[in-house]
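Undergrad: Residue numbers (my numbering): 57 to 275. Even glycine gets a Cβ: it sits at the ideal position worked out from N, Cα and C.
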Amino acid sequence: MSMTSMVVLGLSIATVLLLLGAFWATLRQDRKGRRTSAPPAEVAAIETPLAAPVSAPGHVGTDYTDPRTIRIGDRIEVLGAPQRVLGAMHISWQGQQWTEFLLRDASRRLQWLSVEVRAGDPPHLEVQLWNDVPTQGMVPAKSMLIMEGVEFFPMDRGTAAFRSEGDTGNPDRGLLDFADYRASDGRLLSFERIQGGAWTASYAQPLPPGSISIIRRAS
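1. Using only the alpha-carbon positions, how far apart do Pro264 and Trp154 sit?
2. Just the Cα atoms here: how many angstroms apart are Ile268 and Trp186?
3. At which residue ranges does the segment 120–162 contain complete beta strand (DSSP E) runs of 3 or more residues, listed in the order of the chain?
4. Tell whether a beta-carbon distance below 8 angstroms holds between Leu159 and Arg140.
5. In chain order, what residues of the same chain lie with their CB nearer than 8 angstroms to the CB of Arg229, ignoring the 5 residues before and after it?
6. So the beta strand (DSSP E) Met194 belongs to, where does it begin and stop?
7. Nearest CA to the CA of Ser258: which residue from Glu204, Ile271, Ile270?
8. Per DSSP, what are the beta-bridge partners of Leu201 in this structure?
9. Could you tell me which of Val206, Trp168, Ile271 sits nearest to Gly242, measuring between CA atoms?
10. Is it buried or exposed, Leu169, if we count other Cβ atoms within 10 angstroms and call 16 or more buried?
11. Under the three-state reduction of DSSP, which class applies to Pro179: helix, strand or coil?
12. I'd like to confirm the pairing. Which residues does DSSP put opposite Ala216 in its beta bridges?
13. Consult DSSP for Ser246 and reduce its assignment to one of helix, strand or coil.
14. Give me the DSSP bridge partner(s) of Thr256.
15. When you compare only the Cα positions, how much space is there between Ala197 and Gly151?
16. What are the start and end residues of the beta strand (DSSP E) that includes Arg272?
17. Is it buried or exposed for Val173, if we count other Cβ within 10 angstroms and need 16 for buried?
18. Pick out whichever of Ser163, Leu142, Arg164, Ala162 has its Cα sitting closest to the Cα of Glu156.
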């Protein structure tokens, strides 16, 4: 082999080695870049919003009567039964306020309707219809008591201030002692006495939205 051929061969080999080296370096750099690059972000699947339940309550004051707008002398319906609003007692206790309306139905039976905004997130309106029960001289105990065979457990107890409006049979202003109880089935029992008088007791019937409607406003 001549000297010229050997030189050409050596240059060819050197060129090939350089090309292989460059290719290898490029390949390593590419692999390194892939290892250090951030993984593609995962895109969360779009969930279809659930439809509102058909039994969802409406909005007080728009879908049904707001019982807070009841006035003395109004004629209303409670659970379909006509009632007349005779008077109201506005009660406050430890920052809580509620109103109790005295109703009279067609048979001249008297009932109390309590309307209160309960604290919560969001606050909710609580409306209850109270029916008297015979106490037979009972007084509210500080522990569990049994009324008509049902066990009731103490809840709230205290002395509240009240202001009367219309015909309630009570003083214009004064103090009201009360003691509230709840049974395991959710039934409510409340004792009340006005100005240190005799205790009276009543059961509560919670009213669902839309159970009260105003037939005629007081003139």
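TA: With the structure as the only source:
1. 18 angstroms
2. One C-alpha to the other measures close to 14 angstroms.
3. 131–134, 137–149, 152–161
4. yes
5. Ala217, Phe218, Arg219, Ser220
6. No beta strand (DSSP E) holds Met194; DSSP gives it neither H nor E.
7. Glu204
8. Phe208
9. Val206
10. buried
11. coil
12. Leu232
13. strand
14. For Thr256, which the question treats as bridged, DSSP gives the partners Glu248.
15. Near 24 angstroms, if we compare the C-alpha coordinates of Gly151 and Ala197.
16. 268–272
17. exposed
18. Leu142
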